[in-house]
Every structure is written in structure tokens, then in C-alpha cells.
């Protein structure tokens, strides 16, 4: 172990971002401590995030987690946007250079469990039902009060604290960071249905019903997720097979928010603790994993002070893309809808345009990881 490996590191949050940070640090000789206020990983049937992109698979290849993901995931080979029974966009997502396809479908709960399994190889395990009660930057090191599952408190100092504790981050609030941004006025709704037989898991589709949309995403071979801006969307679904059960349903509002800087002193923010945005393009979980990998590498290089300046441009790139995609599928103005339906098919017939969008979906529109040879 290198001398830097002796630095004490606390990771707050054991979702995909926090677990990835722990894994990337552990395989570089560090022994991070990971805490999470929940009782365990996200339930398998309640996973909001589904998409795993090519950039994430590249980043997780040194730890071999990408191999495990590919064994369980379904590749999304086609993506369609349909309006009034007319196909506006038909994108072949396999037409991207590199070792991986652009996007794969795997529920977040599965991904978290694969990360936990890989982390156990380094004898590191999340401490569940453990939360941050206080954090102070007054001393030379971040001073943290932890409340454990039995109600007892532990006070400790750490060389580095990584906040991966989600959109309502306690660490972000403790260091006095705001979370400016805005939310869409309308709510989004989702429901997962299990069918009596397997369905095609290799394509995703957005059906524009103007105003509003209904999206279809594969979860498993016999489970589809529908996501919509319409409260009554379930009555509009054309199911591809007899329904066995309605597995899960939820609703949410889309926010576009980000911190002004992703670090303060020795406290670093990653994933939803630093930025949240629309699920359009499936960038949320993937961007958090990217944050975690970059931060772990920078810590190992003694360059963690560069983290915020290196990551903020990538965050702004993704927020811009997801806002544009969301605007395209949530239009209400009839004139704008007509114009969109005329222009979008023309744009996608331009190879450079469709390839650029595909690069974004793949996650290749942000800087390549310099520690992985041949990465795009």
C-alpha cells in the first residue's frame, strides 16, 4: 500500500456513486469507510435508474464489474420516437465504435449489488443504518458525528469526506452549499408491468401523444417500464402481451439543479448530491459513477484539488443535453409540436447529428478517463 493509501476516507451514501467511489479507491490500495442511512441497497423492484452506458462500462472494466453487468443486462439496440403513428426517429444504438454498445438496461438495484459484491473482495462493506448527524470544517480535517443503527454516536475526523448521499444530501447542507436550479411544472409517472411471456427487451420507445408522452423501457425479459407526463397513462398503454402483474408504480417531478462547485476543502460532492436532472438520455446514475471514478483517481494521484474544475464542465454538458431532450418530448404549443415533427426527422438523417446524439447517450461526450488505455 502506498503512503497515500493510509489517508482516512469517509464515503457518505452507498448507492451506485458511493459504492463506485469505494471500489475504485479500494483497488488502488485505500480502505474507505462507507456509511448509508438506509437499511440496504435499493429494492430490486423499485429501481428508478435503468440505463448503463458505454462510458460506465469502460470505467468499471478494471474492477471487472462491467463483465458482471453485461451478464445480467439487456442491450438496447434500437431507440424510436413516434408521433401520431409516424416514426420521427429510429436510432441504431449499436453503431458506436468501441468495446460496448451505447446503452444497456439493468435495474439500479442489480448494479448496486454487483458493486457490493466486488467491494467485498477488498473486505470493505457498507455500514447500513448509519447517518451523518453533524459535519464541521472548523478543524484541520472534516469532523463528523455519525449516528449508528443502535442509536449510539461516533465522532471521528477524516482526511477526506465524499458526499454521495443523494439529492437531499446532508453533507451538502452541512458545508453550506446551495442547490440552485428549477423544476418542471408537470409531474412524471411510471409503472412497471410483468407479462405472462417474454417480450423484446432490446428496444426503447417514446410515443408522443401531444401534449405529453408515454415512454417504454425494458426492465427484464418479461418486465417493461412505462413513463409518462400523463396521470391517466396506464389506460393508454398498448401492452405487448397479457399482463401478469403491475410490479411497481411511482411519480416524481423533474428538477435541473447543480452546485456551483463540487468541493469545499476536503469534502467532495458526487452524483445526485452535486447535480440532478431529467432521466432523458439515461445520464443520471452514469454521471454519478463517472464522478466517483474521476475523484478516486485524482485522490490516488494527490490531485483531488482539481476535481471540481475537471468535473463541472462535464456536468454542464449533461444538464444541457438532458434539458434539450426533455423539452423536445414535453412540448405543449401546437405550432412548436408541428415544427418539431417536421425538423426532427430531417436532423436525424444527417449522420453527424445522429452520431453526436449517440455519443451523448453512450457517455462519450465527456472527457475520457486518462487512467484507462484506449478509452474513448
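In this note's numbering, the protein residues as written are 285 to 660. All C-beta atoms in this analysis are idealised placements derived from N, C-alpha and C, irrespective of residue type, glycine included.
Problem - Contacts around residue 291, its chain only, beta-carbon distance under 8 Å, and the 5 residues preceding and following it disregarded - result: Stepping through the chain shown from its first residue, residue 291 is reached at position 7. Correct list, in chain order: 314, 443, 444 and 583.
Problem - Buried or exposed (CB count within 10 angstroms, at least 16 for buried), residue 597 - result: Stepping through the chain shown from its first residue, residue 597 is reached at position 313. Label assigned to residue 597: exposed.
Problem - Three or more C-beta pairs below 8 Å linking the region 632-651 and the region 480-499 - result: no
Handout entry: Opening and closing residue of the beta strand (DSSP E) in which residue 542 lies
Key = For this step, residue 542 is matched to residue 258 along the chain shown. That run of the beta strand (DSSP E) goes 527-542.
Practice task
Just tell me which of 307, 607 and 656 has its CA closest to the CA of residue 398.
Solution key: The residue given as residue 398 occupies position 114 in the chain shown. If we check each option's Cα against that of residue 398, 307 comes out closest.
Exercise for the section: Could you please give me the residues that DSSP links to residue 416 through a beta bridge? Expected result: Counting from one through the chain shown, the residue named residue 416 turns up at place 132. Bridge partners of residue 416: 430.
Practice task
Could you tell me the distance, in whole angstroms, from the CA atom of residue 453 to the CA atom of residue 375?
Solution key: Within the chain shown, residue 453 is the residue found at index 169, counting from 1. Within the chain shown, residue 375 is the residue found at index 91, counting from 1. Each residue's Cα considered, the two are about 36 Å apart.
Exercise for the section: Out of 369, 317, 392 and 365, point me to the one whose CA is closest to residue 336's CA. Expected result: Residue 336 sits at position 52 when you count from the first residue of the chain shown. The candidate whose alpha carbon is nearest that of residue 336 is 392.
Exercise for the section: Assign residue 679 to one of two classes, buried (16 or more other C-beta atoms within 10 Å of its C-beta) or exposed (fewer than that). Expected result: The structure shown does not extend to residue 679, since the chain is modelled only from 285 through 660, so no value can be given for it.
Handout entry: Segment contact, 8 Å Cβ cut-off, at least three pairs: the region 404-411 with the region 501-518
Key = no
Practice task
With a threshold of 16 other CB atoms inside 10 Å of the CB of residue 304, please say whether the residue is buried or exposed.
Solution key: Translated into the one-based positions of the chain shown, residue 304 becomes position 20. By the 10 Å Cβ count, residue 304 comes out buried.
Exercise for the section: List in chain order: all unbroken beta strand (DSSP E) runs of 3+ residues lying wholly within the region 543-583. Expected result: 551-553
Exercise for the section: Give the secondary structure of residue 499 by DSSP, where H, G and I count as helix, E and B as strand, and everything else as coil. Expected result: Along the chain shown, read from residue 1 onward, the residue named residue 499 stands at position 215. Here residue 499 sits in strand by DSSP.
Exercise for the section: Return the chain-ordered list of same chain residues with a C-beta closer than 6 Å to the C-beta of residue 536, the five sequence neighbours on each side being excluded. Expected result: Stepping through the chain shown from its first residue, residue 536 is reached at position 252. Hits under 6 Å: 472.
Practice task
Return yes when at least one heavy atom of the ligand ZN lies under 7 Å from the C-beta of residue 379, else no.
Solution key: Ligands in the displayed structure: none, and consequently the ligand ZN is not present.
Handout entry: Ranges of the beta strand (DSSP E) found wholly within the region 373-419, counting only runs of at least 3
Key = 387-389
Handout entry: C-beta atoms of residue 363 and residue 377 nearer than 8 Å
Key = Stepping through the chain shown from its first residue, residue 363 is reached at position 79. Stepping through the chain shown from its first residue, residue 377 is reached at position 93. Contact flag set, yes.
Exercise for the section: Would you mind working out which of 563, 618 and 323 sits nearest residue 606, comparing C-alpha positions? Expected result: Taking the chain shown and counting its residues from 1, the one referred to as residue 606 is at position 322. When each option's Cα is compared against that of residue 606, the closest is 563.
Practice task
Count the CB pairs spanning the region 554-569 and the region 324-336 that are closer than 8 Å, and state whether there are at least three.
Solution key: yes
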